[in-house]
Amino acid sequence: MLFFNLEFIFKIYLLLFHIYFIDNATASANCRPAEYSTEEGCCPTCPPGMYVSRHCTEFTSTSCASCTEGTFQDGDNGREQCFSCKHCDAGLGLKAKKSCSSTSDAVCEVLDEFFCSDSNRGGCRAAQRHTVCSPGQYIGQRGTADKDTECPHCTDGTFSDGTSSSCQNHTKCESVGLKLMRPGTDSTDSECGEHGPHAGLVAGIVIPGVILVMALMALIIAIIHRKNKRESTPQSKIEIQSKELSQDYRPTGSVCVCVCVCVCVCVCVCVCVCVCVCV
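Our numbering numbers the first residue of the sequence shown as 152 and each following residue consecutively.
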């Protein structure tokens with residue numbers, strides 16, 4: 152009889168224990184939208200900007216506390232701590248678009264010369280610096296906050312130093328009256344230089360110069376010859392004695408006359424012609 156009573160009591164205990172846990176599990180699975188599940192059942196959630204400092208009990212409601220600076224909760228929750236705010240690191244090309252508050256995380260955007268490589272919720276989580284076009288390339292499309300710079304290569308016969316929005320044609324030296332010194336590349340223009348002295352041009356200037364010199368010399372010779380001829384004509388005795396007296400004070404020797412003409416072409420080429428006559 153005693154054994155029967157103990158067995159009955161044990162079965163009742165198991166039944167109550169089973170009912171208790173089944174009810175709690177069912178209650179946890181059926182918490183209402185404004186509640187969260189705990190080992191004790193369902194508890195009211197904390198509002199945005201706050202976290203659970205103590206769960207509810209049979210006799211008390213949930214205790215909530217405000218998020219500390221640098222943390223946030225952006226919705227109703229049953230969490231025992233707030234989330235850490237995002238840091239917009241300038242060293243990674245980011246700056247704050249919206250500061251963090253107790254109810255929302257910070258929103259980052261890219262700095263100038265950067266583009267976002269990982270966006271999230273209207274903000275940016277990672278950024279990269281815009282590509283700088285190299286010599287031989289041109290800026291096909293400038294970078295934006297969402298896209299990198301496009302740098303196509305220059306085609307044959309054109310060049311760019313990488314800073315222009317298009318490639319330029321190589322200069323055709325012959326078309327501007329110059330000589331090609333070095334062909335252009337995809338990053339540099341053709342190098343042009345002056346042509347060498349033109350023989351025809353030099354001859355066209357020097358020959359008239361020589362003729363002018365010869366004409367001057369002929370004139371000088373004619374003047375000297377005429378003077379000598381006048382001196383050789385018969386004169387009166389008094390004139391001869393006067394000349395002989397005056398010639399005693401003249402220095403002996405011949406007289407030389409030189410005429411030089413110099414012609415310069417393009418500053419760097421000069422031709423000089425000199426003619427001397429002594430009498």
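Yeah, the Cβ is synthetic: ideal placement off N, Cα and C, and Gly gets one too.
Spatial distance of residue i from residue j (CA atoms)
i	j	result
Met-201	Val-261	30 Å
Arg-293	Gly-313	12 Å
Pro-184	Asp-256	23 Å
Pro-334	Met-368	52 Å
Gly-360	Lys-323	37 Å
Cys-259	Thr-295	16 Å
Gly-226	Ser-270	22 Å
Gly-328	Ser-341	14 Å
Pro-366	Ala-373	It should be noted that the sequence gives Ala, not Pro, for residue 366. Roughly 11 Å separates the two Cα atoms.
Thr-282	Pro-199	42 Å
Gly-242	Ser-315	28 Å
Arg-272	Asp-263	20 Å
Glu-190	Cys-215	18 Å
Ser-217	Glu-186	18 Å
Ile-358	Gly-287	51 Å
Asn-320	Val-364	51 Å
Gly-308	Ser-317	13 Å
Asn-175	Cys-207	Model confidence at Asn-175 stands at a pLDDT of 48, short of 50, so the residue's coordinates are unreliable; what they give is reported in the following sentence. Each residue's alpha carbon lies about 14 Å from the other.
Cys-182	Cys-193	6 Å
Lys-249	Arg-205	31 Å
Ile-362	Thr-306	57 Å
Gly-291	Ser-326	29 Å
His-346	Lys-330	6 Å
Ala-247	Ser-268	16 Å
Leu-370	Asn-379	14 Å
Nearest neighbour of residue i, chosen from the options [CA to CA]
i	options	result
Glu-231	Glu-264, Ser-188, Asp-256	Ser-188
Cys-251	Cys-267, Gly-242, Phe-234	Phe-234
Asp-337	Val-364, His-304, Val-361	His-304
Tyr-289	Lys-237, Asn-271, Lys-248, Glu-301	Glu-301
Arg-280	Asp-299, Arg-377, Arg-333	Asp-299
Asp-240	Cys-275, Cys-193, His-376, Leu-370	Cys-275
Gly-221	Leu-370, Asn-181, His-238, Asp-307	His-238
Gln-224	Lys-249, Gln-319, Thr-254, His-206	Thr-254
Phe-265	Pro-286, Gly-287, Asp-297	Asp-297
Met-332	Arg-205, Cys-343, Thr-219, Thr-306	Cys-343
Thr-339	Asn-379, Ser-285, Leu-370, Glu-345	Ser-285
Residue burial classification, residue i (beta-carbon count within 10 angstroms, cutoff 16)
i	result
Ala-278	buried
Leu-486	Because the chain in this structure spans residues 152 to 430, residue 486 falls outside the shown range and cannot be described.
Ser-212	exposed
Phe-210	exposed
Asn-228	buried
Ser-311	buried
Thr-196	buried
His-376	exposed
Tyr-400	Confidence at Tyr-400 is low in this model, with a pLDDT of 45, below 50, so its placement is unreliable and the value that follows should be read with caution. Exposed is the call here.
Phe-172	Confidence is the limiting factor: at Phe-172 the pLDDT is only 47, short of 50, which leaves the residue's position unreliable, though a coordinate-based value still follows. By the 10 Å Cβ count, Phe-172 comes out exposed.
Helix, strand or coil at residue i [DSSP, three-state]
i	result
Gly-229	coil
His-376	helix
Ala-278	strand
Ser-326	helix
Gly-344	strand
Pro-359	helix
Gly-192	strand
Residue range of the beta strand (DSSP E) that includes residue i
i	result
Leu-331	330 to 333
Phe-265	265 to 271
Leu-245	245 to 249
Ala-257	That residue, Ala-257, is in no beta strand (DSSP E); it is neither H nor E in DSSP.
Arg-205	201 to 205
Thr-189	186 to 189
Ser-214	214 to 217
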